[in-house]
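Engineer:
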Amino acid sequence: MYQEKPPVVAMNSDGPLPTAECRKLLRSVPTGRLVYTEDALPAVRPVTFAALDGDLIIPTGNNPWFDRFDRGVLAFEAGTIDPATRTGWSVLAMGRSRVLSGTDGLIGFADPARIPWSSSHDDRYLVIGIEQISGHRTTLLRPAGDLR
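In this note's numbering, the protein residues as written are 27 to 174.
1. Decide yes or no for the touch test of the stretch 114-121 against the stretch 69-76: beta carbon pairs closer than 8 Å, at least 3 of them.
2. Would you say Thr165 and Thr113 are within 8 Å of each other, going by their C-beta atoms?
3. Alpha carbon to alpha carbon, how far is Arg168 from Glu157? Give it in angstroms, no decimals.
4. Name, in chain order, the residues that DSSP records as bridge partners for Trp115.
5. Might you give, ordered along the chain, the residues of its own chain that have their beta carbon closer than 6 Å to the beta carbon of Leu82, omitting 5 neighbours on each side?
6. Does Ser123 pass the burial test, meaning 16 or more other C-beta atoms within 10 Å, or should it be called exposed?
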């Protein structure tokens, strides 16, 4: 027997975030998602990162898989959703990328409070220069009566 679905109820409205807040929010989380193409299809990979002075720094663990992104254009998304309130935010950044060996040329990298991992001089990093950034406050919809 067909049952009608309950109406979807919005708790709050979404809204765009100013650029400065997008940058601040990126600095507040240690993980995000690298967005790229694989065989002409969209692909996403979770990564650890730090947002430093207009760059997103992703440690590669010297994994040659990341070399494919040297001198390419990538997107990167990070955000959080509170499971109790279903509210949160999402920030999308895009820019040209490069693979670096060591930390030379990375401003602010010597400050351990800004880097969520330990590093050595020989480590490699995928660096995305932020050329475009946008974000939204988000409230996920839930059917009436859904208390999850």
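Note that CB positions come from ideal geometry on N, CA and C, so glycine has one too.
Structural biologist: According to the data block:
1. Contact between the stretch 114-121 and the stretch 69-76 is absent, because fewer than three Cβ pairs lie under 8 Å.
2. Yes; because the gap between Cβ atoms is below 8 Å, this pair is in contact.
3. Rounded to the nearest angstrom, the two C-alpha atoms are 35 Å apart.
4. According to DSSP, residue pairing for Trp115 in a beta bridge involves Thr106 and Arg163.
5. So the qualifying residues of the chain are Phe75, Phe102 and Ile154.
6. Classification for Ser123: buried.
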